[in-house]
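Novice: One line per chain: the protein sequences are A and B, in this order.
Mapping to the working numbering: the first sequence position 88 is 88, numbers consecutive.
Mapping to the working numbering: the second sequence position 24 is 24, numbers consecutive.
Each residue gets a CB set at the ideal place from its N, CA and C atoms; glycine is no exception.
It should be emphasised that the depicted structure is a prediction, and the values quoted were computed from it without experimental measurement.
There are 2 protein chains.
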Amino acid sequence: MQNDIVISTRIRLARNLKEFPFPCKLDAKGRKAVAEKVKSAVTNSNSALAQQMVCMDLDSLTKIQRANLVESHLVSPEFVADTNGRELLLTKDNSISVMVNEEDHIRIQVILPGFDLDGAYNIADKTDTLFDENLNYAFDKRLGYLTQCPTNLGTGMRASVMLHLPALQRTKAIGRIAGNLSKLGLTIRGIYGEGSEPKGAMYQLSNQVTLGISEKAAMENLKNITLQLINQEKITRERLFNSIEVQDVVSRSLGVLKYAKAISCEEAMALLSNVRMGVIAGEITDVQIEKINSLFTEVQPAAIMVKAGESLTPEKRDIFRAKLISSSL
Amino acid sequence: MQNDIVISTRIRLARNLKEFPFPCKLDAKGRKAVAEKVKSAVTNSNSALAQQMVCMDLDSLTKIQRANLVESHLVSPEFVADTNGRELLLTKDNSISVMVNEEDHIRIQVILPGFDLDGAYNIADKTDTLFDENLNYAFDKRLGYLTQCPTNLGTGMRASVMLHLPALQRTKAIGRIAGNLSKLGLTIRGIYGEGSEPKGAMYQLSNQVTLGISEKAAMENLKNITLQLINQEKITRERLFNSIEVQDVVSRSLGVLKYAKAISCEEAMALLSNVRMGVIAGEITDVQIEKINSLFTEVQPAAIMVKAGESLTPEKRDIFRAKLISSSL
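(1) Between G278 (chain A) and chain B, is there a C-beta pair that is closer than 8 Å?
(2) If the criterion is Cβ atoms closer than 8 Å, does the pair R276 (chain B) and I304 (chain B) meet it?
(3) Give me, in chain order, the residues of the same chain whose beta-carbon lies closer than 8 Å to that of Q208 (chain B); leave out the 5 immediate sequence neighbours on both sides.
(4) Between B:T297, B:L146, B:S311 and B:E283, which lies nearest to L69 (chain B) when the distance is taken from Cα to Cα?
(5) So with CB distances below 7 Å, who are the chain A contacts of T258 (chain B)?
(6) Is the beta carbon of K18 (chain B) sitting closer than 8 Å to the one on G85 (chain B)?
(7) Are the stretch 277–293 of chain B and the stretch 236–252 of chain B in contact at 8 Å, needing three or more beta carbon pairs?
(8) Does chain A have any CB closer than 8 Å to the CB of I244 (chain B)?
(9) Are the C-beta of A262 (chain A) and some C-beta of chain B separated by less than 8 Å?
(10) What does the alpha-carbon distance come out to for the pair I106 (chain B) and I11 (chain B)?
(11) Between the stretch 29–49 of chain A and the stretch 95–112 of chain A, do at least 3 Cβ pairs fall closer than 8 Å?
(12) Do the stretch 122–131 of chain A and the stretch 166–177 of chain A meet, that is, are 3 or more Cβ pairs less than 8 Å apart?
(13) Does the beta carbon of S47 (chain A) come closer than 8 Å to any beta carbon on chain B?
(14) Apart from the five residues on each side of it in sequence, which residues of its chain come closer than 7 Å, Cβ to Cβ, to M269 (chain A)?
(15) For S311 (chain A), I'd like the list of residues in its chain whose CB is within less than 7 Å of its CB, leaving aside the five on either flank, ordered along the chain.
(16) Contact between the stretch 2–16 of chain A and the stretch 152–160 of chain A is defined here as three or more beta-carbon pairs at a separation below 8 Å; is this criterion met?
(17) Could you spell out where the beta strand (DSSP E) holding I319 (chain B) opens and where it closes?
(18) With DSSP as the reference, label C149 (chain B) as helix, strand or coil.
(19) Report the option in B:A308, B:F79 and B:L168 whose CA atom is closest to the CA atom of Q228 (chain B).
(20) Tell me, please, which residues DSSP counts as bridged to F139 (chain B).
(21) Output yes if chain B places a C-beta closer than 8 Å to the C-beta of D286 (chain A); else output no.
(22) Determine the chain A residues that contact S273 (chain B) at a beta-carbon separation under 7 Å, and present them in chain order.
(23) Give me, in chain order, the residues of the same chain whose beta-carbon lies closer than 8 Å to that of K92 (chain A); leave out the 5 immediate sequence neighbours on both sides.
(24) Leaving out the 5 sequence neighbours to the left and right, which residues in its chain are closer than 8 Å to S214 (chain A) when beta-carbon positions are compared?
(25) Mind listing the chain A neighbours of T123 (chain B)? Cutoff is C-beta to C-beta under 7 Å, in chain order.
(26) Between S367 (chain A) and chain B, is any beta-carbon pair separated by less than 8 Å?
(27) Between D116 (chain A) and chain B, is any beta-carbon pair separated by less than 8 Å?
(28) By the criterion of Cβ-Cβ separation under 8 Å, what are the contact partners of I319 (chain B) in chain A?
(29) Run through chain B and tell me which residues come within less than 7 Å of R252 (chain A), C-beta to C-beta.
(30) In the structure shown, what three-state DSSP assignment does R86 (chain A) receive?
(31) Please report the residue range of the alpha helix (DSSP H) in which P40 (chain A) lies.
(32) With a threshold of 16 other CB atoms inside 10 Å of the CB of Q204 (chain B), please say whether the residue is buried or exposed.
(33) Which residues in chain B sit within 9 Å of Q247 (chain A), going by Cβ to Cβ distance?
(34) Taking the alpha carbon of P166 (chain A) as the point to measure from, which residue in A:K234, A:I284 and A:V80 has its own alpha carbon closest?
(35) Where does the unbroken alpha helix (DSSP H) through G190 (chain A) begin, and where does it stop?
(36) If contacts are defined as beta-carbon pairs under 8 Å, then Y259 (chain B) and S328 (chain B) qualify, I think. What distance do you get, rounded to the angstrom?
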């Protein structure tokens, strides 16, 4: 049931090598040396985990393919903006991605579907151990893991959940909630673009504090607040679905998604968000929730062009997107 | 092909009895005397036409049923606003309706589906003959049939076609056309409400001049201009359907009609208009044009309540209407 609202869980660990300055202070040669060291930690290991990891040649990717990596949340926009001296290690199932020479030397990221903080942390921890065994981490007994940005000092961990909160968005309750979260050491923001009304009602809730708190305590805090948010979203949805107005909006959204001949990414996400809420409420019975979940990523501009196999104007993308959606539903 | 654009054809004849003042100058007793005379003309006749006519007891109808007669274009709003001394003669197929004691003593109206001025006129003429044989019409050799309003003097005939002109409405060409029509002795107006954008893009084109012109000449004029309008509408539609934007609007309209859980009469008509255009253009293949045509009448407020069998608030009507449409399509 929690997975109706929590789309995915993410753990990110920031690590740096003792013997090198932070990436921003490194020249091309220095970055290359860091990258070789990190890669060798994987290639020298015989662990099952290391076997699954492949190094992606960023320079062989087109601009569209790189943008698609960002849309899939596997890398940051900054990471692919300049690929010089950077490396991406990736497991085949995309659950683990390691950015080398982004803001820090190593950024380990694990994404799992649904609400699974412990599961994601375990995988991240194992990946961390793989590197730790083969590299010298910059670690201070008092400060913990040293990172370029002080906000990551300590655990270097950012734990987050991707939440679908259409009811709290529709009733504007999310604004009030967001204001209170910072007092609890958490922050919430839109996943697809910032602003007061994030696209598709998709939010990322994550811990802000990394210093003076253990990984376990930070995750426990995030877990508790997430459960409260899930509860508030559920209560609000039940109330909303008592009104014919919301039932109408939800059902029409499915109609438009099925029948549109051209649709923007923004409109598609707003309608998918409505339909997703309708499927979970049992108002829409002939659509699979997994189909809706994957469409959120598939309708993104770069994903459309990767699928089309060519660069497309926004107008052509809107037509391709409409066809993709109506054939999916 | 013409019937794609001409929904129906209507002929109306205004007649008065020599021995009575116009209805507005009659008291209740006088109106009753007129009504009895007109009814006796039908009951005394053995003709097949007379046999088909039934006299409807207006006072036995509910307010909703009366409003439904107006929506079906069988009577004028004024006619049912005050039923005192008024009678309605109707054939079972609703093709002929005779209002007694509306503005004139007798208003004969014939409506046929599609573009059929001659057919409608022939039936109206036969009905006229039925009354003429049994009653004394107020007729002047110089002025022709005498009517209460001078604009009906002469033939007393108003011939009209109901046109569906979504393309000329969308391109705003209809405004320019309307301005020119008055010079040709014709007038065009919205059928469902006036204004610059008549609901459902449904227009009534009719002759304005009844004096100094024969019925035949007036109909010929209307026929020629109608053919020109049909042609302009067709050319404009072909141009419009080259754009994905219009294909998108048309297809989405069908999606919303199928999926809405509540819909106003105005929105339903606008969407039906788009879908009708799409069906005729061959863009929509799984909807019958007859279904769309009948929905234009079925979605009207009184029609909804007649079908529901009870008086409904606007909100309840919107829900009933949405169910009706989605089950129809």
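Specialist: Considering the structure as presented:
(1) It does not: the Cβ of G278 (chain A) has no partner Cβ on chain B nearer than 8 Å.
(2) Result no, Cβ atoms of R276 (chain B) and I304 (chain B) do not sit closer than 8 Å.
(3) If we look at Q208 (chain B) and ignore the five residues flanking it on each side, its Cβ neighbours are T151, S182, G185, L186 and T187.
(4) The option with the nearest alpha carbon to L69 (chain B) is B:T297.
(5) Looking at the sequence provided, one finds Lys at residue 258 (chain B) rather than Thr. Listed along chain A are G255, each with a C-beta nearer than 7 Å to that of K258 (chain B).
(6) Going by C-beta atoms, K18 (chain B) is not nearer than 8 Å to G85 (chain B).
(7) Between the stretch 277–293 of chain B and the stretch 236–252 of chain B there are three or more C-beta pairs closer than 8 Å, enough to call the two in contact.
(8) Chain A contact via Cβ: present.
(9) By this cut-off, A262 (chain A) is an interface position.
(10) Straight-line spacing of the CA atoms in I106 (chain B) and I11 (chain B) works out to 14 Å.
(11) Output reads yes: the stretch 95–112 of chain A touches the stretch 29–49 of chain A.
(12) When Cβ pairs closer than 8 Å are counted between the two stretches, the stretch 122–131 of chain A is seen not to touch the stretch 166–177 of chain A, the count staying below three.
(13) Not one chain B Cβ lies under 8 Å of S47 (chain A).
(14) Here M269 (chain A) has Y192, K199, G200, F296 and V299 as same chain residues with Cβ atoms under 7 Å from its own Cβ, once five neighbours each way along the sequence are excluded.
(15) Residues I64 and M305 of the same chain have their beta carbon placed closer than 7 Å to that of S311 (chain A), with the five preceding and five following residues left out of the count.
(16) The stretch 2–16 of chain A makes contact with the stretch 152–160 of chain A: 3 or more CB pairs, one atom from each, lie closer than 8 Å.
(17) Segment P314 to S328 is the alpha helix (DSSP H) holding I319 (chain B); no beta strand (DSSP E) there.
(18) Coil.
(19) That would be B:L168, whose Cα lies nearest to the Cα of Q228 (chain B).
(20) Paired residues: B:Y145.
(21) No, its Cβ sits nowhere closer than 8 Å to a Cβ of chain B.
(22) What S273 (chain B) touches in chain A, judged by beta-carbon distance under 7 Å, is nothing: the nearest beta carbon there is about 16 Å away.
(23) Cβ within range, chain order: Q52 and V54.
(24) Here the set comprises T155.
(25) It should be pointed out that residue 123 (chain B) corresponds to Ile in this sequence rather than to Thr. Those within 7 Å of I123 (chain B) in chain A number zero; the least Cβ separation is about 41 Å.
(26) In the structure as shown, chain A begins at 1 and stops at 329. Residue 367 (chain A) is therefore absent and cannot be evaluated.
(27) No, its Cβ sits nowhere closer than 8 Å to a Cβ of chain B.
(28) Those within 8 Å of I319 (chain B) in chain A are I244.
(29) Neighbours of R252 (chain A) on chain B, chain order: V256, Y259 and A260.
(30) R86 (chain A) falls in the coil class under three-state DSSP.
(31) What sits at residue 40 (chain A) in the sequence shown is Ser, not Pro. Bounds of the alpha helix (DSSP H) holding S40 (chain A) are A28 to T43.
(32) The residue is buried, with at least 16 neighbouring Cβ atoms inside 10 Å.
(33) Simply K261 and A262.
(34) Nearest C-alpha to P166 (chain A): A:K234.
(35) Per DSSP, G190 (chain A) belongs to no alpha helix (DSSP H); it is in the beta strand (DSSP E), L186 to G190.
(36) At roughly 13 Å, the Cβ-Cβ gap does not stay under 8 Å, so Y259 (chain B) and S328 (chain B) are not in contact.
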